[in-house]
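First up is the structure itself, then whatever we jot down about it.
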Amino acid sequence: MAICGGFGHVFEVGSVFRAEYSFTHRHLRKFTGLDVEMEIKEHYSEVMDIVDRLFVALFDSLNERCQKELEVVREQYPFEP
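Its first residue numbered 2, the sequence shown is counted upward by one per residue in the numbering used here.
Here it is, written out as structure tokens:
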């Protein structure tokens with residue numbers, strides 16, 4: 002509805018709960034979700050550009066703000082930032 006109201010991009014971050022029965026440790030019932038809605042003016046690659054910039058900003062922020070947590074993860078799962 003916000004797109005129809007003239008907003009070109011709408012982003013929503015919020016808690017998500019799935020009321021499903023699951024007996025594995027790989028299935029999340031509660032998590033934080035990101036919903037993105039946008040109008041495409043020319044080509045679907047506009048969406049890919051937004052997603053690309055989103056992930057770059059996200060990982061830059063994690064590297065900047067969460068060094069202690071990343072060190073704990075790196076001990077078990079080595080990676081290069």
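Ideal placement from N, C-alpha and C gives every residue a C-beta, glycine not left out.
Unbroken alpha helix (DSSP H) run spanning residue i, endpoints
i: SER46; result: 46-66
Beta-carbon proximity check, residue i vs residue j, cutoff 9 Å
i: VAL39; j: ILE4; result: For the sequence presented, residue 39 should be read as Met rather than Val. Their beta carbons are under 9 Å apart, which means MET39 touches ILE4 by this criterion.
i: GLU13; j: VAL37; result: yes
i: GLY34; j: SER16; result: yes
i: VAL73; j: PHE80; result: no
For residue i, the first and last residue of its enclosing beta strand (DSSP E)
i: PHE18; result: 10-18
i: THR33; result: 31-39
Same chain, Cβ closer than 6 Å to residue i, five either side skipped, listed in chain order
i: GLU47; result: ILE41
i: VAL11; result: ALA3, GLU38
Sequence-distant residues of its chain with Cβ nearer than 7 Å to residue i (five each side left out)
i: PHE18; result: ARG30, LYS31
(request) Please confirm if the stretch 54-65 is in contact with the stretch 25-33, defined as three or more CB-CB distances below 8 Å between the two stretches. (result) no
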